[in-house]
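Listed in order, the protein sequences are those of chains A and B. The numbers in the numbering used here rise by one with no breaks, and the one at position 51 of the first sequence is 51. The numbers in the numbering used here rise by one with no breaks, and the one at position 49 of the second sequence is 49. Read through the structure below, which is laid out as structure tokens, and then see the notes.
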Amino acid sequence: MIKPLYLIAFLLFGLNCNAQEIDADLLAIKAKMDAVNTFSAKLQLDLDAPFINMPTKRATMEYQRGKDLKFSSDDFVILPKRGLDFTLSELFEHPFITVDRGMQTLDGTPVKVLNVIPTGEDSDMALATLFLDTEQQRITASEITTKKNGTYKLKMEYDRASTVLPSYVEVAFAIEKLKIPLNFMGSDTKIDRKTMRNMDTKTGILKLKITDYKIDLQP
Amino acid sequence: MMIPLLKAELFKLFRESKTWYAVAAVLLIEFIILIAAYFQGATILELLLDNLRQSFYFEGTLLNGNLLLYIILNSLWFNLPLILMIVSSALITEEYKNGTLKTLMLQAVSKRKLMLAKYLTSAIFTLLMLLLLMASTFVLAYGIFGSGDLVVYLGTLNFFPAEEAFKRILMAFASGTLSMLFFTTVSVTLGILLKEPAKTWIASAFFLILSSLLLKADFGLGSMERFFFAKLTNSWQRFFDYELQLQEILIDNIALTVYTFLVALGGMYLFTKQDVG
Numbered sequence: 001m002i003k004p005l006y007l008i009a010f011l012l013f014g015l016n017c018n019a020q021e022i023d024a025d026l027l028a029i030k031a032k033m034d035a036v037n038t039f040s041a042k043l044q045l046d047l048d049a050p051f052i053n054m055p056t057k058r059a060t061m062e063y064q065r066g067k068d069l070k071f072s073s074d075d076f077v078i079l080p081k082r083g084l085d086f087t088l089s090e091l092f093e094h095p096f097i098t099v100d101r102g103m104q105t106l107d108g109t110p111v112k113v114l115n116v117i118p119t120g121e122d123s124d125m126a127l128a129t130l131f132l133d134t135e136q137q138r139i140t141a142s143e144i145t146t147k148k149n150g151t152y153k154l155k156m157e158y159d160r161a162s163t164v165l166p167s168y169v170e171v172a173f174a175i176e177k178l179k180i181p182l183n184f185m186g187s188d189t190k191i192d193r194k195t196m197r198n199m200d201t202k203t204g205i206l207k208l209k210i211t212d213y214k215i216d217l218q219p
Numbered sequence: 001m002m003i004p005l006l007k008a009e010l011f012k013l014f015r016e017s018k019t020w021y022a023v024a025a026v027l028l029i030e031f032i033i034l035i036a037a038y039f040q041g042a043t044i045l046e047l048l049l050d051n052l053r054q055s056f057y058f059e060g061t062l063l064n065g066n067l068l069l070y071i072i073l074n075s076l077w078f079n080l081p082l083i084l085m086i087v088s089s090a091l092i093t094e095e096y097k098n099g100t101l102k103t104l105m106l107q108a109v110s111k112r113k114l115m116l117a118k119y120l121t122s123a124i125f126t127l128l129m130l131l132l133l134m135a136s137t138f139v140l141a142y143g144i145f146g147s148g149d150l151v152v153y154l155g156t157l158n159f160f161p162a163e164e165a166f167k168r169i170l171m172a173f174a175s176g177t178l179s180m181l182f183f184t185t186v187s188v189t190l191g192i193l194l195k196e197p198a199k200t201w202i203a204s205a206f207f208l209i210l211s212s213l214l215l216k217a218d219f220g221l222g223s224m225e226r227f228f229f230a231k232l233t234n235s236w237q238r239f240f241d242y243e244l245q246l247q248e249i250l251i252d253n254i255a256l257t258v259y260t261f262l263v264a265l266g267g268m269y270l271f272t273k274q275d276v277g
């Protein structure tokens, strides 16, 4: 009877000890990101989502440390609430612990898989899985599960080895079935109820090409 | 011979007070639809974008002149033809009612040419009304609500950039005008058949409602089904499919024009066979 209790106590204690530490590679990436004071860039957005047809859109974005990202466009653009936090400021906003899940290969690149778990109640993030390119010190992919805004998968590509911010981001998100008001439909539009029923939740992908970065790094 | 007849018919049409009442009614309807479209548009966007709002935020507004114009187009093509049909059918029914047709026939006027002049007058009136309506709607919608991207639901949620939306709305107006010409031509032919104004109005309203009901009906005719007149009157809506099938829409519009000519030819044939005296 006592043995299992020892075992539970050891596991809890042991896990707690390990979990308190924040991964060194993540901290290195954070330090690299923290150096970014402000940046602005041009965005090209392509939405690939079931039941939505949208042409390529263009926008500009501006970042200033400690402030929310600002977007402006002459068109109507859809931007993900999450996934554009390139400097990881949202991720590091509240206290968290990291759990090392080992190494994996992602698109031919060895990456370190890391779980980020918030320790407080304030964070909207429930769990984040980060795929770190430890050699270049940057995040190549992530999967973020939020408390309110569902789960997001992000894939990032960088055009140069030394660059801090991505040149291409793919945000995969869950999209629920559309609720269509009948009076907005064309008078001869037919509702395919079977298809509508079957598309309870589908995945949409937002592809972002980011160009013309103007980055102000801290001296 | 044809030009003086046409001039006389146009003069008679625009001298009638009911024509101007119709113009005022159409403009009033347009204004009411515009106000309703604004509130409807806000609700529609709220519902359409509700599930996207959970994950995304939007930059720019979709409640703009283009969305209002699209909602107006949806309302207009049912409310407008009835008024146009009443005015057009009066071109012939009033002549029967007042007995002026007999006087006309005592002169050396060809029955065929007289009817052709009446059909042309109806077409000119319809075109002028549509031009007036289009110009005023564009001025009001863009003047008050500005331009912007258009969102439409036709099986899929289609987004169009402002310039593309403007082009498509313009083309939809042109295609809708062909539908209006079809309906007004039908009303003149109904006037020849029924002769009495009230009966013709009821028949015109019935025809309009029937067309609207048949639009949704599926007759199991496969690819030929789209050539049924009721379906053709709604071709304008196809300008809002994401992939524009211009050739198909053009074929549909030509088919509707053929229907219009056939209805007019039928009416002219009936009139020439009729004993006016």
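Idealized CB from N, CA, C, for every residue including glycine.
- In summary, the residues of the region 149 to 174 of chain B whose CB is separated from some CB of chain A by less than 7 Å are Asp149, Tyr153, Leu154, Gly155, Thr156, Leu157, Asn158, Phe159, Pro161, in the order they occur in the chain.
- Contacts between Leu62 (chain B) and chain A, judged by CB atoms closer than 8 Å, involve Phe76 in chain order.
- Residues of the region 50 to 67 of chain A with a Cβ closer than 9 Å to any Cβ of chain B, in chain order: Pro50, Phe51, Ile52, Asn53, Met54, Pro55, Lys57, Ala59.
- Residue nearest to Gln136 (chain A) within the set A:Phe76, A:Ile29, A:Asp23 is A:Ile29 (criterion: CA-CA distance).
- Bounds of any beta strand (DSSP E) do not take in Glu16 (chain B), whose DSSP letter is neither H nor E.
- Contact note: Phe58 (chain B) reaches chain A through Phe76, Val77, Ile78, Leu79, using a C-beta cutoff of 8 Å and chain order.
- Taking Leu133 (chain B) as the centre and dropping the five residues before and after it, the same chain places the C-beta of Val26, Glu30 closer than 7 Å to its C-beta, in chain order.
- In terms of CA proximity to Pro81 (chain B), B:Phe183 leads the group B:Phe58, B:Phe183, B:Leu214, B:Asn74.
- Glu95 (chain B) and Gly191 (chain B) have their C-alpha atoms some 10 Å from each other.
- For a cut-off of 8 Å, the C-beta gap from Leu68 (chain B) to Ala141 (chain B) is around 5 Å, short enough to register as a contact.
- When only Cα atoms are considered, Pro166 (chain A) and Tyr158 (chain A) end up about 5 Å apart.
- DSSP places Asp252 (chain B) outside any beta strand (DSSP E); the residue lies instead in the alpha helix (DSSP H), whose first and last residues are 246 to 273.
- Only those residues of the region 230 to 243 of chain B whose C-beta falls short of 8 Å from the nearest C-beta of chain A are listed: Lys231, Asn234, Gln237, Phe240, Tyr242.
- Fewer than three Cβ pairs drawn from the region 100 to 114 of chain B and the region 28 to 44 of chain B lie within less than 8 Å of each other, which leaves the two stretches out of contact.
- For Val77 (chain A), the uninterrupted beta strand (DSSP E) segment begins and ends at 77 to 80.
- Using a CB distance cut-off of 8 Å, Phe71 (chain A) counts as an interface residue toward chain B.
- Three or more beta-carbon pairs separated by less than 8 Å link the region 83 to 98 of chain B to the region 192 to 211 of chain B, which places the two stretches in contact.
- The DSSP assignment places complete alpha helix (DSSP H) segments of no fewer than 4 residues inside the region 48 to 107 of chain B at 50 to 53, 65 to 98, 100 to 106, in order along the chain.
- The region 104 to 117 of chain A makes no contact with the region 60 to 77 of chain A: fewer than 3 CB pairs, one atom from each, lie closer than 8 Å.
- Shown here, Ile144 (chain B) sits in a helix according to DSSP, grouped into three states.
- Annotated as distal: Ala35 (chain A) and Leu154 (chain A), with beta-carbon spacing of 8 Å or more.
- Distances from the alpha-carbon of Val99 (chain A) to those of A:Thr119, A:Val171, A:Glu90 put A:Thr119 closest.
- Pro110 (chain A) carries a strand assignment under DSSP once its states are collapsed to helix, strand and coil.
- Note that the C-beta distance between Phe131 (chain A) and Ser142 (chain A) is below 8 Å.
- Ile124 (chain B) sits close to Leu10 (chain B), with the two beta carbons spaced by under 8 Å.
- By the CB criterion at 8 Å, Ser175 (chain B) and Ser235 (chain B) fall inside the cutoff.
- Within the region 159 to 235 of chain B, the complete alpha helix (DSSP H) segments of 4 residues or longer fall at 162 to 194, 197 to 216, 229 to 232, listed in chain order.
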